[in-house]
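Novice: Residue numbers (the numbering used here): 5 to 202.
(1) Taking the straight line between their C-alpha atoms, what separation do you get for residue 111 and residue 126?
(2) How many Å lie between residue 191 and residue 160 at the Cα?
(3) What whole-angstrom Cβ distance do residue 44 and residue 15 have, given they're in contact under 8 angstroms?
(4) The beta strand (DSSP E) that contains residue 182, what's its start and end?
(5) Could you check what DSSP says for residue 155 in three-state terms: helix, strand or coil?
(6) Which residues share a DSSP beta bridge with residue 54?
(7) Have a look at residue 165 and residue 145 and give me their C-alpha separation to the nearest angstrom.
(8) If you draw a straight line from the C-alpha of residue 30 to the C-alpha of residue 123, how long is it?
(9) Do the stretch 163-178 and the stretch 74-90 touch if we need at least three Cβ pairs shorter than 8 angstroms?
(10) Just to confirm my understanding: we take residue 113, look at its own chain, exclude 5 residues before and 5 after, and list those with CB closer than 8 angstroms. What are they?
(11) For residue 56, which residues of its own chain have a beta-carbon under 6 angstroms away from its beta-carbon, when the five flanking residues on both sides are left out?
(12) Quick check on residue 182: buried or exposed, where buried means 16 or more other Cβ atoms within 10 Å of its Cβ?
(13) DSSP has residue 114 in a bridge; who is on the other side?
(14) If you count every other CB in all the chains shown that lies within 10 Å of the CB of residue 36, and 16 or more means buried, which is it?
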């Protein structure tokens, strides 16, 4: 699992469904995937109109330790074969104290069915765990790839993922970017959404 492969999958989806004039939004890992879509040389012209990147920069570095712990928590939930969201929540609480972040992470669960009689994740947890070393990376260099389209970066004011060190780098990749701030941590989706049209 890497960002180039994710971008290729997204572009394939666009083509398969004859989509154009797209506004693409991605948060965190999804933000890096969205940036990789915009920078991918195989992206058909005029497919993407707007890019919105929530609380991540096109930089390379190790992931924060909490991401590994989230994967461990998800593995434990699946291994425990719990049958309710409440039980999954209790396991996740051992790893994450913020109820908003727990709720966000649990949007990825599927409740038991006759085919799968326990809570499981819709996302490939083992593959994500194996890919942790690559998730902190970014596949492009600003000297080789830029996107001139409308781009908005959204920074959580209580987050370190977009900062004074990587904002200039983001501008190299996306010269028409604007930066907006939300009073939030990295998990901007858990903050109350208050926006005005720009």
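By construction, the Cβ of each residue, glycine as well, lies at the ideal position given by its N, Cα and C atoms. Here the structure is a predicted model, which is why all the values come from computation and not from measurement.
Specialist: From the atom records:
(1) 9 angstroms
(2) 8 angstroms
(3) 6 angstroms
(4) 181-186
(5) strand
(6) 27 and 154
(7) 18 angstroms
(8) 26 angstroms
(9) no
(10) 81, 89, 92, 123, 124, 125 and 126
(11) 29 and 156
(12) exposed
(13) 124
(14) buried
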